[in-house]
Each structure stands twice: as C-alpha cells, then as structure tokens.
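Chemist: In our numbering, each residue carries its 1-based index in the sequence shown increased by 87.
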Amino acid sequence: METSKKFNSTLTLWSLAISAFAIGSTEFISVGLLPLLVNSFNVTLSVASLTVSVYAFGVMIGAPVLTKLTTQWNRHTLMAGLMLVYIIGNVLAASATNFFWLLAGRIIAALVHGLFMSVSSVIAADVVAPSKRASAIAMMFTGLTVATVTGVPLGTFIGQHFGWRMSFLFLALIGLISMIANWVLVPRNLPIGGKIKFGSIGKLITDKKILLALPLTVFGYGSTFTSYTYISPILSQLMHFSADNIVIILIAYGLMVAIGNTIGGRVADANPVTALGWMFSLLTVSLVLLGIFIHLKWLGLLMTLFLGLFAFMNVPGEQLLIVQLAEKSHPKDIGLASALNISAFNIGIMVGSGLGSQVVQLSSLGWTPYAGAIMGVIAVGLTLKLKQIE
Numbered sequence: 088m089e090t091s092k093k094f095n096s097t098l099t100l101w102s103l104a105i106s107a108f109a110i111g112s113t114e115f116i117s118v119g120l121l122p123l124l125v126n127s128f129n130v131t132l133s134v135a136s137l138t139v140s141v142y143a144f145g146v147m148i149g150a151p152v153l154t155k156l157t158t159q160w161n162r163h164t165l166m167a168g169l170m171l172v173y174i175i176g177n178v179l180a181a182s183a184t185n186f187f188w189l190l191a192g193r194i195i196a197a198l199v200h201g202l203f204m205s206v207s208s209v210i211a212a213d214v215v216a217p218s219k220r221a222s223a224i225a226m227m228f229t230g231l232t233v234a235t236v237t238g239v240p241l242g243t244f245i246g247q248h249f250g251w252r253m254s255f256l257f258l259a260l261i262g263l264i265s266m267i268a269n270w271v272l273v274p275r276n277l278p279i280g281g282k283i284k285f286g287s288i289g290k291l292i293t294d295k296k297i298l299l300a301l302p303l304t305v306f307g308y309g310s311t312f313t314s315y316t317y318i319s320p321i322l323s324q325l326m327h328f329s330a331d332n333i334v335i336i337l338i339a340y341g342l343m344v345a346i347g348n349t350i351g352g353r354v355a356d357a358n359p360v361t362a363l364g365w366m367f368s369l370l371t372v373s374l375v376l377l378g379i380f381i382h383l384k385w386l387g388l389l390m391t392l393f394l395g396l397f398a399f400m401n402v403p404g405e406q407l408l409i410v411q412l413a414e415k416s417h418p419k420d421i422g423l424a425s426a427l428n429i430s431a432f433n434i435g436i437m438v439g440s441g442l443g444s445q446v447v448q449l450s451s452l453g454w455t456p457y458a459g460a461i462m463g464v465i466a467v468g469l470t471l472k473l474k475q476i477e
C-alpha cells in the first residue's frame with residue numbers, strides 16, 4: 088500500500104512536470120525567436136521583446152485572479168482544461184496575421200500558465216512528506232528547466248528552419264500531449280481548495296515576512312532577464328556565434344539551468360532563506376562577470392553558461408519559502424500565497440526584461456548584465472532582512 092502511494096505520487100509529479108515543460112517552452116520560446124519576429128513583423132528588437140514581457144503580464148494577472156475563481160473546482164478536470172486553453176493560445180499565436188494577434192495568443196497562454204503553476208506547486212508539496220517538499224517542487228519545476236534545455240532550443244531550431252509559426256504549432260502539439268497526461272495521471276480525488284475571500288489578499292500582502300518574500304522573488308528571479316531576454320542577439324551580435332551554434336549554446340545553457348535547479352531544490356530544503364542569500368550572491372557575481380567578458384567570444388560563452396547555473400537555482404527555494412510562511416500564519420490561503428508568488432516571478436520577468444529594453448534603447452546590449460546585477464544586489468539585501476526577522 089505504501090509503495091502504491093509513493094508510485095502514485097511520483098506519477099502525479101511527472102504529469103505536472105510534463106505540463107510544466109509545455110508551459111516553460113511557451114514562456115521562453117520567443118527569446119530564441121526575437122530576430123525572426125523582428126523581420127516578420129518589421130518591428131524593433133525592443134518591441135519584439137514585448138512577446139516576453141506581455142506574456143509575463145498575463146501570468147501576473149492570471150495567477151491570483153483565476154486562482155480565486157477556480158479554487159473550488161475539481162483539480163483533475165481543471166488541470167486538463169487548462170492545457171486545452173493553452174493549446175488555443177498557441178494556435179492563435181501561430182496563425183497571427185499581425186503583431187497584435189501574436190501578443191493576444193501569448194496572453195491567452197499566459198493566463199493558463201499562472202493558474203497552472205500556482206495550483207501545481209501546492210499539489211506537488213501536498214503529495215510528498217514535509218521534508219521532501221522543496222525537492223518535489225523542484226521536480227515539478229524540472230519541466231520548466233528541461234524546457235530551457237530542449238524545448239526552447241528545439242523551438243528556436245524549428246523557427247530558424249521552418250518559420251516561427253511552426254514553433255508555436257510545435258508547442259500546441261506538446262500541449263495536447265500534456266492535456267492527455269494530466270487527464271490520465273493526475274488523481275481525481277485531489278482536495279478542493281477553500282473559498283478565497285477578497286480580504287485574504289490584503290492579509291497576505293500586509294504580512295511582514297510575505298511582504299519581503301514577494302519582492303525577493305521579483306528582484307532575485309527577475310535579475311537574470313535583463314540579459315536572458317536578449318540572449319540570442321547577445322550571442323550573435325556581441326559574441327559572433329552563428330544561428331546553428333546558438334541553438335547548441337541554448338541547449339548547453341539549459342543543461343546548466345537544470346543542474347542549478349536540482350541543486351537549488353536540495354539545498355533549500357533545510358533553510359530556504361539562508362540558501363537564497365548565497366544563491367543570489369553568486370547570481371549577482373555571474374551577471375557582473377558576463378558584463379565584463381560579454382564582447383569576448385569564448386570567455387563570454389563561459390560566463391553565459393556560468394549564469395545559467397545560477398539563473399533558476401533560486402526557484403524551488405522561493406516557492407517553498409512562500410508556502411512555509413503561509414502555512415505558519417495563513418494556512419487557509421496557501422494556494423493564494425502560491426499564486427501571488429507566481430505573479431511575483433512574472434513581475435520579475437517584466438521588470439527584468441523591461442529594464443533590459445531600456446538599457447538596449449539608451450545604451451547597448453553589453454550593459455544589460457550590469458542592470459541585472461543591481462537587481463541581484465537588492466535581492467541579497469532582502470534575504471538579509473528576512474534573516475533578521477526570522
């Protein structure tokens with residue numbers, strides 16, 4: 088009986104990881120397609136980067152709002168239904184006749200992203216022992232990191248050789264596989280969440296520790312995106328790598344992200360605040376080093392991969408921290424707290440990519456890592472403050 092329970096929990100985590108892979112591929116696919124979108128729609132690089140920031144905006148809005156609206160829905164049906172909407176969003180993006188409809192498709196897919204990640208984080212934490220929660224969340228988020236390893240580079244390769252529209256159709260196909268996986272592997276008897284009241288959001292965001300933890304996610308996670316949003320033009324224009332080489336580099340970068348995510352999940356289990364302090368310190372150093380060597384082909388590449396190691400290492404710890412804080416002070420609002428943190432992740436993407444866009448417009452691509460390092464320093468300061476009030 089115990090083995091069966093463990094086996095079912097593992098299957099649940101794998102189904103969540105498969106869907107996270109689909110969603111992660113969609114979130115970051117436009118990073119590799121920016122040059123193609125610039126040419127197809129005749130827009131500037133900064134405008135094309137809206138496909139990243141608008142997606143993040145959709146997640147930011149969708150996570151808390153849709154979590155409130157669907158909190159008492161059957162989780163099995165909800166998880167499968169979300170992937171159906173995800174498919175529709177990517178098909179709309181693939182068939183876009185102008186840049187507006189491309190952004191519309193991105194927003195539809197993003198709304199699903201926010202709700203899926205907030206609910207699946209809670210499910211992942213619930214189906215394992217308390218001591219394994221960060222590792223379970225890390226396993227679910229592995230879908231995102233594997234998407235960075237294979238989904239984004241493969242989507243970029245498809246876009247370069249068959250057109251960017253085929254990249255979004257590729258994502259829709261992955262979404263179909265994910266929908267089937269959710270329907271078959273997610274348990275039908277998952278607990279229904281409690282009814283969320285409007286006042287719950289106010290209670291959460293006025294909690295001193297949560298009020299520090301949410302901007303910690305914004306600045307820490309978002310710091311990478313000042314430069315990662317523009318990784319393709321950085322590799323091609325500043326380091327002078329060919330298009331085919333960039334696909335290979337994106338795979339290598341994704342592998343480093345996957346390694347970092349796994350390490351982060353294991354390290355954060357014991358004490359997430361202390362672990363996050365070290366992670367953000369190392370992330371800040373890696374951004375500074377990338378800025379220093381960004382015009383040198385091979386040293387720049389080495390620093391890019393070094394950045395990948397620390398880019399998502401913080402994700403499991405940040406999500407675990409929010410769940411732990413909510414459990415202690417707001418046990419009825421854990422799902423909403425998780426949703427707010429998912430929004431914080433994507434506010435971070437908006438802030439990071441938006442800051443990077445301003446740097447590109449006012450200066451050059453080469454200065455984007457330094458802007459991220461400033462955000463990293465703020466994140467380190469927030470972890471120190473959290474440590475003081477623990």
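Virtual Cβ for every residue (Gly too), placed ideally from N, Cα, C. What you are looking at is a predicted structure, and each value in this text was computed from that prediction instead of being measured.
1. Find out if the Cβ-Cβ distance for the pair Thr313, Leu442 is shorter than 7 Å.
2. If we ignore side chains and look at the alpha-carbon of each, how far apart do Ala150 and Leu202 end up?
3. In this structure, does DSSP put Asp331 in helix, strand or coil?
4. Would DSSP call His248 helix, strand or coil?
5. Assign Leu120 to one of two classes, buried (16 or more other C-beta atoms within 10 Å of its C-beta) or exposed (fewer than that).
6. Flag this pair as touching only if the segment 318-338 and the segment 112-119 have three or more C-beta atom pairs under 8 Å; answer yes or no.
7. Touching or not, the segment 300-311 and the segment 421-441, by the rule of three or more beta carbon pairs under 8 Å?
8. Should Ala357 be labelled buried (16 or more other beta-carbon atoms within 10 Å of its own) or exposed?
9. Does the beta-carbon distance from Asn177 to Ala191 come in below 7 Å?
10. Is Ile335 closer than 7 Å to Gly453 when the C-beta atoms are compared?
11. Measure the Cβ-Cβ separation of Leu363 and Phe397 and say whether it is below 7 Å.
12. Under 7 Å between the Cβ atoms of Ile498 and Ala268?
13. By Cβ distance, which residues of its chain are closer than 6 Å to Tyr308, with the 5 residues on each side in sequence left out?
14. Could you tell me the distance, in whole angstroms, from the CA atom of Thr229 to the CA atom of Leu256?
15. What do you get for Ala216, buried or exposed, if any count of 16 or more other CB atoms within 10 angstroms of its CB means buried?
16. In angstroms with no decimal places, state the Cα-to-Cα distance between Ile421 and Glu414.
17. Around the Cβ of Ser102, are there at least 16 other Cβ atoms within 10 angstroms (buried) or fewer (exposed)?
18. Going by Cα to Cα distance, which pick from Ser112, Phe367, Gln406, Thr349 is closest to Thr237?
19. Across the segment 321-341 and the segment 468-475, are there enough close Cβ pairs to call them in contact, namely three or more that are closer than 8 Å?
20. Sort Ser218, Val141, Met170, Arg193 by Cα distance to Met204 and report the nearest one.
21. Is the Cβ-Cβ distance between Phe399 and Gly468 less than 7 Å?
22. Please name the residue, chosen from Ala180, Phe393, Leu389, Ala330, that lies closest to Ala345 on a Cα-to-Cα basis.
23. How big is the Cα-Cα spacing for Ala466 and Val360?
24. Would you please state the rounded distance, in angstroms, between the beta carbons of Thr341 and Val271? I believe it to be under 8 Å.
25. Mind reading off the beta-carbon distance from Gly351 to Asn401? Whole number of angstroms is fine, and I expect it under 8 Å.
26. Should Leu471 be listed as close to the ligand GTP, given that the test is whether its C-beta is under 6 Å from any heavy atom?
27. So, for Ala339: in the same chain, excluding its five sequence neighbours on each side, which residues have a beta-carbon less than 7 Å away from its beta-carbon?
28. Rounded to a whole number of angstroms, what is the C-alpha to C-alpha distance between Ile245 and Leu412?
29. Among Thr97, Val134, Asn95, Leu98, which one has its Cα closest to the Cα of Val447?
30. Can you name, in chain order, every residue of its own chain whose Cβ lies under 8 Å from the Cβ of Ala424, other than the five neighbours on each side?
31. Quick one: what does DSSP say Met400 is sitting in, helix, strand or coil?
32. Leaving out five residues on either side along the sequence, give the residues of the same chain with a beta carbon under 8 Å from the beta carbon of Lys384.
33. Between Thr97, Leu198, Thr131, Ser444, which has its C-alpha nearest Glu114's C-alpha?
34. Going along the chain, which unbroken runs of the alpha helix (DSSP H) with 4 or more residues stay wholly within the segment 133-182?
35. Starting from the C-beta of Leu386, find all residues in its chain whose C-beta is less than 8 Å away, skip the five residues before and the five after it, and write them out in chain order.
Modeler: To lay it out plainly:
1. For the purposes of this step, residue 313 is taken as residue 226 along the sequence shown, with counting starting at 1. For the purposes of this step, residue 442 is taken as residue 355 along the sequence shown, with counting starting at 1. Yes, these two residues count as a Cβ contact at 7 Å.
2. Here residue 150 corresponds to residue number 63 of the sequence shown, with the count starting at 1. Here residue 202 corresponds to residue number 115 of the sequence shown, with the count starting at 1. Taking the straight line from one Cα to the other gives about 5 Å.
3. In the sequence shown, the residue the question calls residue 331 occupies position 244. Judged by DSSP in its simplified three-state form, Asp331 adopts helix.
4. Position 161 of the sequence shown, counting from 1, holds the residue named residue 248. The three-state secondary structure of His248, taken from DSSP, is helix.
5. For the purposes of this step, residue 120 is identified with residue 33 of the sequence shown, where counting begins at 1. So Leu120 ends up on the buried side.
6. Cβ pair count under 8 Å is three or more, so yes.
7. Inter-segment contact for the segment 300-311 and the segment 421-441 is present: three or more beta-carbon pairs are separated by less than 8 Å.
8. Taking the first residue of the sequence shown as position 1, residue 357 is located at position 270. Exposed, because fewer than 16 other Cβ atoms sit within 10 Å of the Cβ of Ala357.
9. Residue 177 sits at position 90 when you count from the first residue of the sequence shown. Residue 191 sits at position 104 when you count from the first residue of the sequence shown. No; because the gap between Cβ atoms is not below 7 Å, this pair is not in contact.
10. Counted from its first residue, the sequence shown places residue 453 at position 366. Counted from its first residue, the sequence shown places residue 335 at position 248. Not closer than 7 Å, so no.
11. For the purposes of this step, residue 363 is taken as the residue at position 276 of the sequence shown. For the purposes of this step, residue 397 is taken as the residue at position 310 of the sequence shown. No, the Cβ-Cβ distance between Leu363 and Phe397 is not below 7 Å.
12. Since the displayed the chain opens at 88 and closes at 477, residue 498 lies outside it and no answer follows.
13. Counted from its first residue, the sequence shown places residue 308 at position 221. Same-chain partners within the cutoff: Phe432, Gly435.
14. Position 142 of the sequence shown holds residue 229. Position 169 of the sequence shown holds residue 256. Each residue's Cα considered, the two are about 23 Å apart.
15. By 1-based counting over the sequence shown, the position of residue 216 is 129. Note on Ala216: under 16 other CB atoms within 10 angstroms of its CB, so exposed under the neighbour-count rule.
16. Walking along the sequence shown from the start, residue 421 turns up at place 334. Walking along the sequence shown from the start, residue 414 turns up at place 327. Cα to Cα, the separation comes out at about 6 Å.
17. Start at 1 with the first residue of the sequence shown, and residue 102 comes out as number 15. Label assigned to Ser102: buried.
18. Here residue 237 is taken as the residue at index 150 of the sequence shown, counted from 1. Relative to the Cα of Thr237, the nearest Cα in the group Ser112, Phe367, Gln406, Thr349 belongs to Ser112.
19. Judged by Cβ distances under 8 Å, the segment 321-341 makes no contact with the segment 468-475, as fewer than three pairs qualify.
20. Along the sequence shown, one-based indexing puts residue 204 at 117. Of the listed residues, the one whose Cα sits closest to Met204 is Met170.
21. As a position in the sequence shown, residue 399 is number 312, starting the count at 1. As a position in the sequence shown, residue 468 is number 381, starting the count at 1. It is not a contact, given that the beta carbons lie outside the stated cut-off.
22. For this step, residue 345 is matched to residue 258 along the sequence shown. Comparing Cα positions, the closest option is Phe393.
23. Numbered from its first residue, the sequence shown carries residue 466 at position 379. Numbered from its first residue, the sequence shown carries residue 360 at position 273. Spanning the two alpha carbons is a distance of roughly 11 Å.
24. Along the sequence shown, read from residue 1 onward, the residue named residue 341 stands at position 254. Along the sequence shown, read from residue 1 onward, the residue named residue 271 stands at position 184. Reading off the sequence shown, one finds Gly at residue 341, where the question assumed Thr. About 27 Å; that fails the 8 Å criterion.
25. Numbered from its first residue, the sequence shown carries residue 351 at position 264. Numbered from its first residue, the sequence shown carries residue 401 at position 314. Gly351 to Asn401, Cβ: 6 Å. Contact.
26. Ligands in the displayed structure: none, and consequently the ligand GTP is not present.
27. As a first step, residue 339 is located in the sequence shown; it is residue number 252 there, counting from the start. If you ignore the 5 residues before and after Ala339, its C-beta comes within less than 7 Å of the C-beta of Leu392, all in its own chain and listed in chain order.
28. Your numbering for residue 245 matches position 158 in the sequence shown. Your numbering for residue 412 matches position 325 in the sequence shown. If I take the Cα positions, the gap works out to 43 Å.
29. For the purposes of this step, residue 447 is identified with residue 360 of the sequence shown, where counting begins at 1. Val447 has its Cα closest to that of Val134, out of Thr97, Val134, Asn95, Leu98.
30. Mapped onto the sequence shown, residue 424 falls at position 337. Here the set comprises Leu291, Ile297, Ile409, Val410, Leu412, Ala413, His417.
31. Locating residue 400 in the sequence shown gives position 313, where the first residue counts as 1. Collapsing the DSSP output to three states places Met400 in coil.
32. Position 297 of the sequence shown holds residue 384. Within the same chain, Cβ atoms closer than 8 Å to the Cβ of Lys384 are found at Met326, His327, Phe328, the five residues on either side in sequence being excluded.
33. If you number the sequence shown from 1, residue 114 lands on position 27. Nearest to Glu114 by C-alpha distance, out of Thr97, Leu198, Thr131, Ser444, is Leu198.
34. With a minimum length of 4 residues, the continuous alpha helix (DSSP H) runs that stay inside the segment 133-182 are 137-157, 162-181.
35. Mapped onto the sequence shown, residue 386 falls at position 299. Result list for Leu386: Phe380, in chain order.
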